[in-house]
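Going by the numbering used here, the first residue of the sequence shown is number 9, and it counts up by one from there.
Accompanying notes for the structure given below.
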Amino acid sequence: MNSSVPFDSGDATGTTSVLTMHEVLTNSANVTLHPIDLSLCGIAAGLRAKYAWLRAPDALQIGTAIGLGAPIIVTNDQRWSRVTEVEVALLRNFI
Numbered sequence: 009m010n011s012s013v014p015f016d017s018g019d020a021t022g023t024t025s026v027l028t029m030h031e032v033l034t035n036s037a038n039v040t041l042h043p044i045d046l047s048l049c050g051i052a053a054g055l056r057a058k059y060a061w062l063r064a065p066d067a068l069q070i071g072t073a074i075g076l077g078a079p080i081i082v083t084n085d086q087r088w089s090r091v092t093e094v095e096v097a098l099l100r101n102f103i
């Protein structure tokens, strides 16, 4: 994946939980919204137990990435770099 390519160009894809709809309204054709089910909530709960500083909405986003097997998660929150269960890319490093 070329991280400098906009999602709408068709050359990059992404996945996220439906929580994103409450955070960012997007019409990107290459981002798939996934429902948060009990399994993803369990992953998020484990993350919250391990990382006390992690907010619940963030744990749900990261848990969704982990649960769906995403190889990387992109964020503006540098604290997420402390999460070891998935590779974290800081958006500011790509723009």
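Note that CB positions come from ideal geometry on N, CA and C, so glycine has one too.
Since this is a predicted model, take the numbers as computed values, not measurements.
CB contact flag (residue i, residue j, <8 Å)
i     : j     : result
Gly75 : Ile51 : yes
Val82 : Ala67 : no
Leu55 : Ile44 : no
Backbone CA spacing between residue i and residue j [nearest angstrom]
i     : j      : result
Asn84 : Lys58  : 21 Å
Ala53 : Ile103 : 32 Å
Gln86 : Ser47  : 26 Å
Trp61 : Ser89  : 12 Å
Pro79 : Thr72  : 12 Å
Leu41 : Leu99  : 20 Å
Pro65 : Glu95  : 18 Å
Glu93 : Arg63  : 16 Å
Per-residue DSSP class, three states only, for residue i
i     : result
Thr72 : helix
Ala64 : helix
Ser12 : Per-residue confidence for Ser12 stands at a pLDDT of 40, beneath the threshold of 50, marking its modelled position as unreliable; the derived number appears in the next sentence. Coil at Ser12, not helix or strand.
N- and C-terminal bounds of the alpha helix (DSSP H) containing residue i
i     : result
Ala53 : Leu46 to Lys58
The beta strand (DSSP E) enclosing residue i, as first and last residue numbers
i     : result
Leu98 : Glu95 to Leu98
Thr83 : Ile80 to Thr83
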